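What follows is a short report on a single structure.
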Ligand SMILES: CC(C)(COP(=O)(O)OP(=O)(O)OC[C@H]1O[C@@H](n2cnc3c(N)ncnc32)[C@H](O)[C@@H]1OP(=O)(O)O)[C@@H](O)C(=O)NCCC(=O)NCCS
């Protein structure tokens, strides 16, 4: 069975930084409250000219460049998002339209658990031998739907995009296990009333009605602590590994206390957990791939490392998996030189041409 190695990675975040000090001027909150309860110090917020598509496309281009591939070499584009720029056209089609090529394109909707879910979908096309090369993107611009007068939610979220290219290899690389779960009965603990086709009565016929994200924070917190640890642990067992085999945990960045709980469950020290929540807040489907991209760029991931990805979010849904890092056995790009960074060292593999 072919495996689906991650050969390229990229990220994009908006230019504008919204700090806790900025929020102190907008709602009754404090830097002390936000950092001690969540770990967040600042987040990125889309400006007028930044969109879900522009962020996703930038991250995708970076991932393609790292992989040494061009858009017309892609077989499929899968985008995980809860904030597409259009509700009829898939976000994946919008991204593919920007990139070029004729790859198949569709979205996966699993909110913050979206990227790990989409990675599992994309990987299975490769595992099944149907496709050789897939672009998987996680992107969200949730701040467009955050009520900046509601202190219980507006301090938490930020915008961004992350992307990976996965490619077929006979070596055991890429996603080794997948754990997906949901508790749909809990969907009203985190949702956006009036966002979809189901318009709530309160919207009436008033065109100025604007849907905003609503959340029962303590319910979501309890759910998250439980499923992040459980699903991460299950993904390790399903991969035939033990906690001692895990080199890095890359968790969804929603709350530092939730991340710490997941790390404790896997018996991992903090240095084996990638944390960037202080700089980006919760970027929803983008959080895991942004963290993965940073970890890869920093040289923290090495050929053969076992990396746990785990996320939870609206649905309520969760997704986890173990990725074996590295590009062993992947057919090198034939048309251009390829620079690949492994173990913090640029190997600069050259093509035969
Ligand atoms: C939202 C969250 C940070 C709140 O932390 P918490 O420790 O549970 O805090 P509580 O909800 O118990 O609120 C404590 C108090 O702080 C207040 N508070 C809430 N937001 C505040 C803010 N931004 N600044 C200051 N005070 C705030 C509350 O009103 C409450 O006041 P009260 O005791 O007078 O009623 C936490 O529940 C959480 O992270 N939940 C998960 C959310 C999440 O991850 N969502 C995304 C999923 S993908």
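Numbering (my numbering), first residue to last: 86 to 438. Glycine residues also receive a C-beta, built at the ideal position from the N, C-alpha and C atoms. It should be emphasised that the depicted structure is a prediction, and the values quoted were computed from it without experimental measurement.
- Put simply, the backbone Cα of residue 135 is about 20 angstroms away from that of residue 196.
- About 7 angstroms separates the beta carbon of residue 410 from that of residue 387, a gap short enough to meet the 8 angstroms contact definition.
- When rounded, the separation of the alpha-carbon atoms in residue 302 and residue 177 is 31 angstroms.
- Per DSSP, reduced to three states, the secondary structure at residue 254 is strand.
- In its chain, beyond the 5 residues on either side, 274 and 275 have a beta carbon closer than 7 angstroms to the beta carbon of residue 305.
- Cα atoms of residue 327 and residue 404: separation of roughly 19 angstroms, rounded to the nearest angstrom.
- The Cβ atoms of residue 343 and residue 391 lie no closer than 8 angstroms to each other.
- Placement of the Cβ of residue 280 at a distance of 7 angstroms or more from every heavy atom of ligand 1 is found.
- Each of 112, 113, 114, 115, 118, 119, 122, 123, 196, 197, 236, 237, 240, 241, 275, 300, 302, 303, 305, 306, 309, 337, 339, 340, 343, 367, 369, 397, 398 and 399 has a C-beta closer than 7 angstroms to some heavy atom of ligand 1; these make up the full list, in chain order.
- Residue 394 sits close to residue 408, with the two beta carbons spaced by under 8 angstroms.
- Residue 159 and residue 218 do touch by the CB rule: their CB atoms are close to 5 angstroms apart, below 8 angstroms.
- Shown here, residue 206 sits in a helix according to DSSP, grouped into three states.
- Note that the C-beta distance between residue 93 and residue 250 is below 8 angstroms.
- Where residue 118 is concerned, the enclosing alpha helix (DSSP H) starts and stops at 116-123.
- Residue environment: residue 321 is assigned as buried (16 or more neighbouring CB atoms within 10 Å of its CB, all protein chains considered).
- Between the C-alpha atoms of residue 357 and residue 378 there is a straight-line separation of about 15 angstroms.
- If you ignore the 5 residues before and after residue 351, its C-beta comes within less than 8 angstroms of the C-beta of 314, 317, 318, 321, 328, 331, 334 and 393, all in its own chain and listed in chain order.
- Look at residue 387 here: in three-state DSSP terms it is coil, with no helix or strand label.
- Between residue 295 and residue 238, the alpha-carbon positions lie close to 16 angstroms from each other.
- CA-CA distance, residue 206 to residue 128, rounds to 29 angstroms.
- Taking a C-beta distance under 8 angstroms as the contact criterion, residue 267 and residue 223 do not qualify as a contact pair.
- Nearest to residue 192 by alpha-carbon distance, out of 183, 161 and 282, is 161.
- When the beta-carbon positions are compared, residue 364 and residue 126 come within less than 8 angstroms of each other.
- Rounded to whole angstroms, the separation of the alpha carbons of residue 98 and residue 110 is 23 angstroms.
- Look at residue 221 here: in three-state DSSP terms it is strand.
- Assigned with DSSP and collapsed to three states, residue 273 falls in helix.
- In the DSSP assignment, residue 362 falls outside any beta strand (DSSP E) and lies within the alpha helix (DSSP H) extending over 362-365.
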